[in-house]
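Working notes, structure below.
Number of protein chains: 2
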Amino acid sequence: MATKNKKYVYSFEEGNKDMKEILGGKGANLAEMKSLGINVPPGFTITTEACRLYYEDGKKINSEVKRQTDLRLAELEKKMGKKLGDANDPLLVSVRSGAASSMPGMMDTILNLGLNDKSVVGLAEKTGNARFAWDSYRRLMQMFGSVVMEMEHSDFEHILETVKDTKGAKYDTDLTAEDLKEIVTKYKAKIKSSKGVEFPQDPKNQMYMSVNAVFNSWNNFRAIKYREINNIKGLIGTAVNIQAMVFGNLGDTSGTGVCFTRNQSTGEAKFYGEYLMNAQGEDVVAGIRTPLPVSALQKQFPKIYKELVDTCNKVEKHYKDMQDMEFTIEEGKLYILQARNGKRTAAAAVRIAVEMVKEKVLTVEKALLRIDPNQLNQLLHKQFDPISRDKAEVIAQGLPASPGAAVGEVVFTAEEAFEKTKSGVDVILVRTETSPEDIQGMFSSKGILTARGGMTSHAAVVARGMGKCCVAGCSDIIIDEKAKILTIKSKNIVIKEGGFISLDGSTGKVYAGKINTQDPVLSGNFGTLMSWADKFRKIGVRTNADTPHDAKVARGFGAEGIGLCRTEHMFFEGERIKAIREMILAGNLEARKKALSKLYPYQKGDFAGLFREMSGLSVTIRLLDAPLHEFLPKEKKDIEELSKEMKVDVKTLNSKIEDLHEFNPMLGHRGCRLAITYPEIYDMQVMAIIDAAIEVTKGIGGKKVAGVKPEIMIPIVATSKEFTILKDRAINIVETRIKESKIKIDYKIGTMIEVPRAALVADKIVEAGAEFFSFGTNDLTQMGIGLSRDDAGKFLKEYVAQDIFANDPFEVLDQEGVGELIRIAIKKGRSIKKDLKVGICGEHGGEPKTVEFCHREGFTYVSCSPFRVPIARLAAAQAVVREMAKKS
Amino acid sequence: MATKNKKYVYSFEEGNKDMKEILGGKGANLAEMKSLGINVPPGFTITTEACRLYYEDGKKINSEVKRQTDLRLAELEKKMGKKLGDANDPLLVSVRSGAASSMPGMMDTILNLGLNDKSVVGLAEKTGNARFAWDSYRRLMQMFGSVVMEMEHSDFEHILETVKDTKGAKYDTDLTAEDLKEIVTKYKAKIKSSKGVEFPQDPKNQMYMSVNAVFNSWNNFRAIKYREINNIKGLIGTAVNIQAMVFGNLGDTSGTGVCFTRNQSTGEAKFYGEYLMNAQGEDVVAGIRTPLPVSALQKQFPKIYKELVDTCNKVEKHYKDMQDMEFTIEEGKLYILQARNGKRTAAAAVRIAVEMVKEKVLTVEKALLRIDPNQLNQLLHKQFDPISRDKAEVIAQGLPASPGAAVGEVVFTAEEAFEKTKSGVDVILVRTETSPEDIQGMFSSKGILTARGGMTSHAAVVARGMGKCCVAGCSDIIIDEKAKILTIKSKNIVIKEGGFISLDGSTGKVYAGKINTQDPVLSGNFGTLMSWADKFRKIGVRTNADTPHDAKVARGFGAEGIGLCRTEHMFFEGERIKAIREMILAGNLEARKKALSKLYPYQKGDFAGLFREMSGLSVTIRLLDAPLHEFLPKEKKDIEELSKEMKVDVKTLNSKIEDLHEFNPMLGHRGCRLAITYPEIYDMQVMAIIDAAIEVTKGIGGKKVAGVKPEIMIPIVATSKEFTILKDRAINIVETRIKESKIKIDYKIGTMIEVPRAALVADKIVEAGAEFFSFGTNDLTQMGIGLSRDDAGKFLKEYVAQDIFANDPFEVLDQEGVGELIRIAIKKGRSIKKDLKVGICGEHGGEPKTVEFCHREGFTYVSCSPFRVPIARLAAAQAVVREMAKKS
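And the structure:
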């Protein structure tokens, strides 16, 4: 129901930039520019609320909306001194959509409204340019026909091409006024024959039919999909902008162009752009004539150029951001058709933000907010050369699991990846899904492509840790490992081993063949931005790293310690996996201890390496978390091999594997549960940790390192008693070793909070002696929401689309639900120990929204994969800045 | 460390019945009887704290404990006018263990201490009974040798038998004093040769060695196991009772016996028992002479008999409970050696409690507390005849999954079970594990035996619902379904199809052959007790029932509605499973709807049946909860069959099955998640519910029923949005149908709270319109603690043994952790809607401790399987009584 008193239509003079919700982005911007005194062709905006009303009324423009539109139109006519569609001197208008969020190209636009059989003649006479008038009429019909009357675009193209052929015209511009008149006649006939009605001659009718069409386009398929893909929610509809037309194609003192106040790619503070004289916007895009650099305008029309530069600077200064503007010159007069914050590369974003601070346009706080932390990914990873990329064929779409660009030959096993790489070949490892046994091959490959698994699958997590490009869950591809071929059914494409593909881990796209790549370069501006971020942020940023290499990379990115070292990954190489398998198959404690003693030197070495890289910083080591079945093979072939190797018959092996099988491994016998059953496993690990710490401190096996700070973390704790039992054992070992070594080691023992119950009894766990909590938000999400991350992919998309979850809870922390468990745990934990150290080490730790949550909830630190460390640093700073803004 | 001022030894005169913690049960009771003026042989008790000290001191009796013991012994000697082991008139004592909780037979006892080579002669002279003296010495040596000196019992038996053979003695009693003397000599030699030391002649040394042995027996293997099995925790050790010996074998005016103040089997208030003159306790047990009924004593020694009856009555009146007593008559003088609350059958427990109220011995409140609710199971199910049972061979041990006794021929498939039953044969269905497709066969069988699965496995849950005997997870048995044989490896037993076995669902024992059974009889006393319970309890008791039959049974047991009707069980019969499979395989919405429309009439019929049985009461119907893969076959054979039936090729079927496979089905695509993807499923169910309610109310298809109260329950809700979406659809359907029917139906829509997140956002879910919560504590436990009930069996036992959990959290609700989620949910839910209806429908709903928890936390009702309804009613009343006791 419309409200009489409600304002549904605003003239540009009545709006401003803060009214995006009801005027849409475009309408609000046009109004804002108007208020800056910039020469914008006059017009008005029908609000998004009118659009909502349109749908509420069953797709009809409400009469109150019409009444107010008519009033505004009359005003516009008065202002322009012309009447819409007047036979002698017609006012022409454009009708454009414009929602509160930018949805470029998704909704409809109709230009030149107001032309009909009579006014076209008047326009020709008035402008003395019959070709222009008839071309405009032709364009209107074509746009109106396809957009409003829903005809095929090709219906019109076909007529145009036929006439061009007949006349021997190569380009549209070769057509004369007479030719265009002939085309108009043919268009009209086509419309009549197709739709059974005439092209509407009444200009107001044209206008309202166009408004209708724009409203309808809000819910067309591609607009809905666009909103879904871009997670645009909560909008009520599109606004409609009705604006007087200005023409860049009225002769040699007319023209049109686009310009940017700074360079989009590099961020350089240099005005640039392109323009064409005697042309319309479409012509610039069509590429028939080569546009001139905007600097040429300075020579051609110095006054107009100066006005353009001044205007652009004024707008940039007003918005305090780089502007992307469209302008038209109509018979020597400059009009600004659009201004918006320009899109830019990450490098440009950083440079612009930093330079604007130097120019005193922005404060450091504002500059920090100007950069989307996720965009930094671009700076830290290889990217495709855009030109080379745009020429390549996208053959499949997966999940953007780990950013970067990778090119290489397809291989299907980790072994092949490793072998081929040794002879200098770049490879892409393609697997249905990866398992811990593939680690070495993954490390060798340039990129990883999997057919199954989500953003937190094994492949995705490991690849992010390595900073390696990965596209996961690419269900388009079918892998035949035996035949060594990869098929993309929908495209009928088959790629054999050795064939080349390219992966974009930032978009999830898979390309055929090789694409040129560009290496990441970290500028001084990046360093400046990061140092600002560090000044503001209050929360620590650590990294998840399992190897000295990862630790070193992360420290280079500013990591302030290790928040999570996963020890299970260390068990898969060479002799180690043999030893752990020996332990699993052992029949008694003595045999298990013997097998574990073989692992001890490896583990000690692993930890020593990490302690060296992280001297002076805390290193949190999670004791074994994985269930034992992960260490046994699954394939018949591998089982047979193992049987020979271990001299254990296949039947016994199979029965052990069956014994260890779990219906819900996620809720199974792992982490501290395993250690309750087999405490000797943690005993060995604790001994390796403390011995490594002692040796590194003493300088055994390397130079002396000061400030070794191990933090021993017990996973999957659900009860305080589990913690007590395992902590007591650990402390016993640690204290004995420390006493023997006569060295002081600053160690802590704490726990993961990843089982909901642990959060609920957090006070009890601190009472039992936990010195820190680290939230394992992957598992806490799985158990808290009851979602298996390996399975939920099937329906989670639908859940996000229906706004049941605002985001995939495995990507962005579910602050309402899982976050509540975290709040409870912190509150209870700190009720016992005020200065309890609290961190996060799930995949969410490097996600900006989650980082902000962690800041707000008083975390001591976040921990994330090495390549996300800068992202977390920036996000942490932004959280502080936003908080300050709220408070002030 | 011992404390000087601490009292470690109490004379019987110093203790009382409330000192069990430190005096043990036996010691406290002896002291209490002493204080009642009952003739108990004098003595004293060394406390459990002394036992703790013994272990703290590295298995040494502390000197302070010794000092106090010596003092008490001196007192005892003074009181008795004899000295321990005196050569002329020796004081003899017994040393007996006695912990705070009764652990019958688990720890050690030594009698006749104080006898040695000299005092045995003194005793013979003093009593004028050389045979008695030497026999006592012989017994001491035998007990002391095996218990204290850790020799084999058979070492002594062998000597005894050899002498008996030589002398031509049939019974021990045929041996003369001389024979016994010879045996003593041989015993001494054996001790010396085996242990290298002499049998100790120093009486005090004998006594302290015995105390040592009793303390040691606290941690012997069988005692530890006993505590583990009986979940006895938190005790610090055993007390030791040292008591002057009295002898029932001193001649014809001596004797010994046991008696009960009421009948242990029936509860009848009639004094009964057995005794033997000129005998010791062992002789009664040995069964050499047939004991006389205690009524015979009345004729033989009317004065003693009267004294015994009076004493017993006095003790019963004092303890206000039926007593099980041991007495000895020494030369005409009556001594009471032990009195304790007698063990009794459930029937006896109920009768005694009710009659004691009538006798004004007990208040109704106390009577209600007197019965262990779980014991009522005995009354409600068939039991084995104890005599027949004790003769049968236990061939395997499983979990007591559903109480009762069952006898029948072994069958291996549900089909066979169904077929054989039709021809009147009783069968036991034996399966590796059952699946929903076995339901009909399970219903036909007398009992169910499974090799896998725990207390909450499919077989267990369904069997309890049906009140059918079930032994689950019996890992001793190996089933070969093809060969139709059942093997018990460890016993080398093979049973073929058609062979008889007997199951005890209350103990988990499997017996070979047929055992006679007794039918349950519910007495008037039972009714009285239940009516008292109902008067006290404040919480409602509903039932979990999926069929009209179950509903009727439950209502008979006092159920006040249905708290959980699981609709998935309804989909497995005949045509239904076809329809649901058709739906799963359907490629589009229309086809799915068509398949669902076939299910609609069945569902409507199911619900109508329940509404009729439960007229006037609420019926909570849970919409489909199971994941779709549960409805598809798993075995190759079944898939091929389905392929033919559905005319869908095997490959397509397999690919669908693979599609639906989940790594963690527990956290998968089920419940409301399925309905978000396929809302048409719930649409059909809601329509069936409301149409059934309307038809039953109108009297269509049966007579008119007033008060149909459907409660529609949406499962697996994790977010308020899921609830909103599905509730809106449901209300839309319901309101339309109600409007059309012109009938008022009192319906509610609510949700299960079984995902931890739901508990955390309970306020939001109520804001979204939930009218009731029902806690699905099975899943809430699984997700909240991160335990898969299908897998956790492997390590949970160890968890309970190590006291990480006080009980298996799938049997007894984890009140600290999962309970906290429940408290949060109720608090948040009722912060929005004060009178929010709150129930529990997990397996815990009929578990007494959980019922008490629910009462305390303000639940509206608990819901449990039909046969647990009386248990829940009693437990709910007990909760109130206990609460009152605390408050007053």
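Line by line, the protein sequences are chains H and R.
Just so we're aligned: 184 in our numbering is position 3 of the first sequence, and the numbers increase by one with no gaps anywhere.
Just so we're aligned: 522 in our numbering is position 341 of the second sequence, and the numbers increase by one with no gaps anywhere.
Glycine included, every Cβ here is placed at the ideal spot set by N, Cα and C.
CB contact below 8 Å: ALA641(R) versus chain H | no
If you draw a straight line from the alpha carbon of ASP360(R) to that of LYS348(R), how long is it in whole angstroms?
-> 8 Å
Which stretch, first to last residue, makes up the beta strand (DSSP E) that contains MET894(R)?
-> 890 to 895
DSSP beta-bridge partners for LEU667(R)?
-> Bridge partners of LEU667(R): ILE660(R) and ILE676(R).
Quick one: residues in its chain with C-beta nearer than 7 Å to the C-beta of VAL915(R), no 5 flanking neighbours on either side, listed in chain order?
-> VAL867, ILE871 and TYR928
Identity of the residue in LYS480(R), GLU488(R), PHE482(R) and ILE510(R) nearest GLY462(R) by Cα = ILE510(R)
What does GLN983(H) touch in chain R if you count any residue whose Cβ is under 8 Å from its own?
-> ILE857, LYS902 and ILE906
Mind checking the region 970 to 982 of chain H against chain R and listing, in chain order, the residues whose C-beta falls within less than 9 Å of any C-beta there?
-> ARG970, ASP971, ASP972, ALA973, LYS975, PHE976, GLU979 and TYR980
Looking only at DSSP bridge pairs, what is ALA693(R) linked to?
-> ILE682(R)
First and last residue of the uninterrupted alpha helix (DSSP H) at SER391(R) | 384 to 398
Express the C-alpha separation of ASN555(R) and VAL1043(R) in angstroms, rounding to a whole number.
-> C-alpha separation (whole angstroms): 16 Å.
Do you know offhand how far ILE743(R)'s Cα is from GLU892(R)'s?
-> 9 Å
Counting only the same chain and skipping the five closest in sequence on each side, list residues whose C-beta sits under 6 Å from that of THR226(R).
-> Residues TYR191, LEU204, GLY208, ALA420 and ASN422 of the same chain have their beta carbon placed closer than 6 Å to that of THR226(R), with the five preceding and five following residues left out of the count.
If you drop the 5 nearest sequence neighbours on each side, which residues of the same chain put their C-beta closer than 8 Å to that of LEU431(R)?
-> Correct list, in chain order: THR308, ASN310, PHE313, ASN459, GLU511 and GLU512.
I think ALA732(H) touches LEU791(H), with their Cβ atoms under 8 Å apart; what is that distance to the nearest whole Å?
-> 6 Å
For GLN481(R), name the three-state secondary structure that DSSP assigns.
-> helix
Which residues in the same chain have their Cβ closer than 6 Å to the Cβ of PHE193(R), if we skip the five residues on either side of it in sequence?
-> Within the same chain, LEU211, ALA212, LYS215 and GLY224 come within 6 Å of PHE193(R) by CB-CB distance, once the 5 residues on both sides are set aside.
Checking contacts by CB at 8 Å: is HIS1025(R) closer than that to chain H?
-> Not one beta carbon of chain H lies nearer than 8 Å to the beta carbon of HIS1025(R).
Any beta-carbon of chain R closer than 8 Å to the one on PHE844(H)?
-> yes
Does any C-beta atom of chain H lie closer than 8 Å to the C-beta of HIS810(R)?
-> no
Along chain R, in chain order, which residues have C-beta atoms closer than 7 Å to that of GLU997(H)?
-> VAL942
Neighbour list for ALA899(H) in chain R, Cβ cutoff strictly below 9 Å = Neighbours of ALA899(H) on chain R, chain order: GLY965, ILE966, GLY967, LEU968, ILE985 and GLY998.
Take VAL947(R) and list the residues in its own chain whose beta-carbon comes closer than 7 Å to its own, dropping the five residues that flank it on each side.
-> When the five nearest sequence neighbours on each side are left out, the beta carbons in the same chain lying within less than 7 Å of the beta carbon of VAL947(R) are those of GLY1010, ILE1013, LYS1014 and LEU1017, in order along the chain.
Please say whether VAL475(R) and TYR456(R) have beta carbons closer to each other than 8 Å?
-> yes
Bounding residues of the beta strand (DSSP E) (the contiguous stretch that carries ILE517(R)) = 514 to 522
On a CA-only basis, which of GLU794(R), GLY998(R) and VAL691(R) is nearest ILE609(R)? Give me that one, please.
-> VAL691(R)
Using the Cα positions of ILE405(H) and ILE906(R), report the straight-line distance between them to the nearest angstrom.
-> 20 Å
Closest Cβ-Cβ distance between ARG854(H) and chain R: below 8 Å?
-> yes
What residues in its chain sit with their C-beta under 7 Å from that of GLY523(R), if we drop five residues either side in the sequence?
-> Answer for GLY523(R): PHE441, GLN445, MET503, GLN504 and ASP505, listed in chain order.
Do you know offhand how far LYS563(H)'s Cα is from ARG747(H)'s?
-> Rounded to whole angstroms, LYS563(H) to ARG747(H) spans 27 Å at the Cα level.
For ILE934(H), which three-state DSSP category applies?
-> strand
Any C-beta of chain R sitting closer than 8 Å to the C-beta of HIS850(H)?
-> HIS850(H) belongs to the set of residues whose beta carbon lies under 8 Å from a beta carbon in chain R.
So, helix, strand or coil for ILE802(R), using DSSP?
-> DSSP places ILE802(R) in strand when its eight states are reduced to three.
Look at VAL936(R) and ALA899(R) and say whether their C-beta atoms are less than 8 Å apart.
-> yes
How would you list, in chain order, the residues of chain H whose beta-carbon sits under 7 Å from the beta-carbon of GLU816(R)?
-> What GLU816(R) touches in chain H: nothing, since even the nearest Cβ is about 17 Å away.
Contacts around GLY998(R), its chain only, beta-carbon distance under 7 Å, and the 5 residues preceding and following it disregarded | GLY965 and ILE966
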